[in-house]
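Residue numbers (this note's numbering): 56 to 508.
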């Protein structure tokens, strides 16, 4: 059974001397915090689980939650019907972070409490969903949650296969799959014509479609192209360059415009009504409700590894560009900023790295922020002191060696992510990517004179 696969780390190369010891210890301490939470949960299960766990939607633990630990894995690990839905048996979402409705190995991560509306991200900031790469039998549930959450930007950070091992399954049509009906190929007008469509008459060409049988779901591939640069430059940008930055050689980044035609059997209860109302103005009469979204697919980032800072930075540029360009599509039924959905294979290492870097990018770049983020992200004093022991920060003062504020921010943000999904950011190299991204953001802000007081 596929879910019996354990996610295991490949043997590390012999030369690790370039890794900062503090990053190594930071990852070790984050892992220890996860283990403490898991051990507390396992102790609770041992003392409370009944013999009817096989048929109990609550894993045989009963309904009394008065003494239940704050971090639990009931749905992912104890409900037998959900075990086959996990790509890896040792990667799961905490119960409190699961999406409402049908089970999916995905975690809803709310905005960092401290993050204010400094860059147009809405009153409540930016939320994220981190998930495993969906398994084929969970595609309808995956699509239903994409629609129910009004997701407009979906980021995939893994190839389908790596070193002969399957890492993900393709949930969009290939160019060889042709739809039997004509669809308009013009991208919706969201302030920027991402694919540079030309307006014109005539019948639209048939588009590739993937049908999911009796579930009623289908997916159209409206456009696809391989990206070689960052997004178009913002006219208000202070950049002196006249052209978007080129991606590093060897980077494989694709942009796809997908249309989900909503099924009726496996969606969360509100998926049909939400998506019908949000799509009705853009679809022909009598056609099934649908939702459009963009997929960014970075397939050159190896599992357990780190990518270049330049690639990460340009990927974040694209995420922001697409998320902002989709804002005119929001309706009264979905007034808030939709979450950004990010997945790799397991939904923890590469996904956590990108989410943490994106959070840091949108924090105010001030010394005050550096002091406040750790307390906001890790409110428990004991956990915060343990995690940041290598940052040499005087409590409440932020006095330490140069760069310690950046390191404290990075570790604290990753710890915040792990409150909703264990194992987020798995290696010192990935934590180092976040650290470098944070330092780069601060340096750029200083050079542009935009540091906030």
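Just so you know, even glycine gets a beta-carbon here, dropped at the ideal spot from N, CA and C.
No Cβ-Cβ contact shorter than 9 Å links residue 414 with residue 443. In the DSSP annotation of this structure, the continuous segment of the beta strand (DSSP E) that includes residue 275 starts and ends at 273–282. Residue 196 and residue 130 have their C-alpha atoms some 15 Å from each other. Residue 397: member of the beta strand (DSSP E) spanning 395–398, first to last residue. Closest option to residue 183, judged by alpha-carbon separation, among 162, 487 and 463: 162. Around the beta carbon of residue 493, 16 or more other beta carbons sit within 10 angstroms, so the residue counts as buried. The C-beta separation of residue 213 from residue 399 comes to about 4 Å, placing the pair in contact by the 8 Å criterion. When DSSP states are grouped into helix, strand and coil, residue 181 belongs to the coil group.
DSSP places residue 462 in the uninterrupted alpha helix (DSSP H) bounded by 459–473.
For a cut-off of 8 Å, the C-beta gap from residue 181 to residue 496 is around 15 Å, too long to register as a contact.
By the neighbour-count criterion, in which 16 or more other beta carbons inside 10 Å mark a residue as buried, residue 305 falls on the exposed side. With 16 or more other Cβ atoms from the protein chains shown falling within 10 Å of its own Cβ, residue 381 counts as buried. Counting every other CB atom within 10 Å of its CB across the protein chains shown gives residue 476 a total of 16 or more, marking it as buried.
Shown here, residue 317 sits in coil according to DSSP, grouped into three states, outside any helix or strand. Between residue 203 and residue 215 the beta-carbon gap is near 26 Å, outside 8 Å, which marks them as no contact. In the DSSP assignment, residue 350 falls within the beta strand (DSSP E) that extends over 345–353.
Residue 221 is bridged by DSSP to 216.
Nearest neighbour of residue 165 by Cα position, chosen from 140, 472 and 220, turns out to be 472.
Contact between residue 315 and residue 198 holds, with the beta-carbon distance rounding to 5 Å and staying under 8 Å.
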